[in-house]
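Numbering follows the UniProt record's numbering, in which position 24 of the sequence shown is assigned residue number 24; successive positions increment by one, without gaps.
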Amino acid sequence: MKVHDLSGGDAVLARVDGVARRALHAYGLPPTATATLINVSENATFRVDDPATGDRAVLRVHRLDYHSERAIHSELDWLTALRTDAGVRTPRVRTTLRGERVVTIADPDGPEPRRCVMFEFLPGSEPAEDGLVDHFEVLGALTARMHRHARSWNAPEGFTRFRWDYGAALGAESRWGRWEGGAGVDGEARAVLARLDGELRRRLRRYGAGPDRYGLIHADLRLANLLADGSAEPAVIDFDDCGYGWRLYDLAAALSFIEHHPRVPDMIDSWLRGYRAVLDLPAADEEEIWTFILFRRLLLVAWIGTHPGAAIAGALGAGYTLGTCELAERYLRGRLPVPR
């Protein structure tokens, strides 16, 4: 997989900024409305402000060659159904003057047009770190509600999302690139991570992908994608990676970039407590929690290598690979703490 197009530097981001500004016209916003870039990761995200009304929204400009238009519509179908059917707080999708949820905007100097989606602006902020363990109990219950909905939901005809199985994450497809191309993957690190890769493949094959363990998931339920505003439950945003995967992957994704935190065992126990207040989770599944945490972590080593334009990728770099090797050695020796 190539380094994705939004990592192409200032010239690419300048063109994407132009796409965002042109997209505002499709929504009937006045020339005085502004689109301010607030994040570049898989896509480019803009805060939209209309000074005439004080209205605010969020505009997502999609990277190229990642999701089809049908797949984007499918994402919007599920996040809308979660809000209307299960009471999960998700952002409403705004439509253009023509009633479109997904609008295609020309990029005159780029290789092809880009798809854009506008969401309502939800109040709140990422949950604070000082209550990290408590947040995970709330997150566990919220995740279980989303899983319960997905298991019984009749998706609309044509619904399509990609998968987060071994092949798509670490194997032949490697959606975010190969971990071998991660920052600082050489010599001893390569040998350790190769052993980890083989063990993950073996254990995931043994674990299986039956309907009791595998289905539609958010796939990026980390605290950065939650908005706390004093309500009993945070809002969930950024369903761009939602797709079919192991349900325990949602716990692993919640620990993204903090897998080494000394209180991770407490976070896991807290998440399990919240989850089991809503849905059962058999002990056999619990035994593989660290398998999914290391699966996600190795995937993030690959992601850092192919997303040099993302701020967190640049900040973590080779240090994240080194930390992954340390966790891998403990995992392979059976020395990681089991949930209590």
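Glycine residues also receive a C-beta, built at the ideal position from the N, C-alpha and C atoms. Bear in mind that the values here come from a model prediction, so they are computed numbers and not experimental data.
Rounded to whole angstroms, what's the CA-CA distance from residue i to residue j? Just pull it up for me.
| i | j | result |
| --- | --- | --- |
| residue 132 | residue 222 | 11 Å |
| residue 291 | residue 332 | 10 Å |
| residue 207 | residue 94 | 40 Å |
| residue 70 | residue 157 | 11 Å |
| residue 88 | residue 187 | 46 Å |
| residue 140 | residue 304 | 27 Å |
| residue 135 | residue 11 | 39 Å |
| residue 315 | residue 257 | 11 Å |
| residue 259 | residue 300 | 11 Å |
| residue 6 | residue 63 | 6 Å |
| residue 286 | residue 213 | 11 Å |
| residue 282 | residue 239 | 27 Å |
| residue 201 | residue 339 | 22 Å |
| residue 211 | residue 224 | 28 Å |
| residue 106 | residue 307 | 24 Å |
| residue 171 | residue 74 | 25 Å |
| residue 97 | residue 177 | 38 Å |
| residue 209 | residue 173 | 18 Å |
| residue 72 | residue 53 | 29 Å |
| residue 330 | residue 100 | 50 Å |
| residue 324 | residue 269 | 22 Å |
| residue 334 | residue 261 | 18 Å |
| residue 273 | residue 130 | 19 Å |
| residue 271 | residue 319 | 27 Å |
| residue 159 | residue 110 | 29 Å |
| residue 317 | residue 152 | 40 Å |
| residue 280 | residue 9 | 47 Å |
| residue 313 | residue 175 | 16 Å |
If the criterion is Cβ atoms closer than 8 Å, does the pair residue i and residue j meet it?
| i | j | result |
| --- | --- | --- |
| residue 169 | residue 215 | no |
| residue 66 | residue 42 | yes |
| residue 61 | residue 19 | yes |
| residue 197 | residue 298 | yes |
| residue 235 | residue 227 | yes |
| residue 48 | residue 82 | no |
| residue 144 | residue 278 | yes |
| residue 328 | residue 296 | no |
| residue 142 | residue 233 | yes |
Which residue wins for smallest C-alpha separation from residue i, given the options the options?
| i | options | result |
| --- | --- | --- |
| residue 326 | 294, 107, 251, 299 | 294 |
| residue 16 | 84, 45, 27 | 45 |
| residue 344 | 102, 322, 281 | Limits of the chain in this structure are 1 at one end and 340 at the other, which puts residue 344 out of reach. |
| residue 204 | 284, 220, 39 | 284 |
| residue 91 | 118, 311, 73 | 118 |
| residue 68 | 102, 318, 338 | 102 |
| residue 125 | 230, 138, 160 | 230 |
| residue 237 | 99, 122, 287 | 122 |
| residue 254 | 56, 22, 138, 307 | 138 |
| residue 147 | 275, 318, 319 | 275 |
| residue 55 | 160, 120, 312 | 120 |
| residue 154 | 14, 85, 177 | 85 |
| residue 108 | 174, 159, 272, 14 | 14 |
| residue 104 | 160, 152, 21 | 21 |
Mind reading off the beta-carbon distance from residue i to residue j? Whole number of angstroms is fine, and I expect it under 8 Å.
| i | j | result |
| --- | --- | --- |
| residue 249 | residue 217 | 6 Å |
| residue 37 | residue 50 | Not a contact, Cβ separation roughly 17 Å. |
| residue 310 | residue 40 | 6 Å |
At a Cβ threshold of 8 Å, is residue i touching chain D?
| i | result |
| --- | --- |
| residue 135 | Considering every chain present, this structure includes no chain D. It has just one protein chain. |
Three or more beta-carbon pairs under 8 Å between the segment 24 to 33 and the segment 69 to 80, yes or no? no
Inspect the CB distances between the segment 189 to 203 and the segment 98 to 115 and report whether three or more fall short of 8 Å. no
Check whether the segment 259 to 271 and the segment 177 to 185 touch, using three or more Cβ-Cβ pairs below 8 Å as the test. no
Using a Cβ distance threshold of 8 Å, determine whether the segment 237 to 245 contacts the segment 159 to 175, with at least three qualifying pairs required. yes
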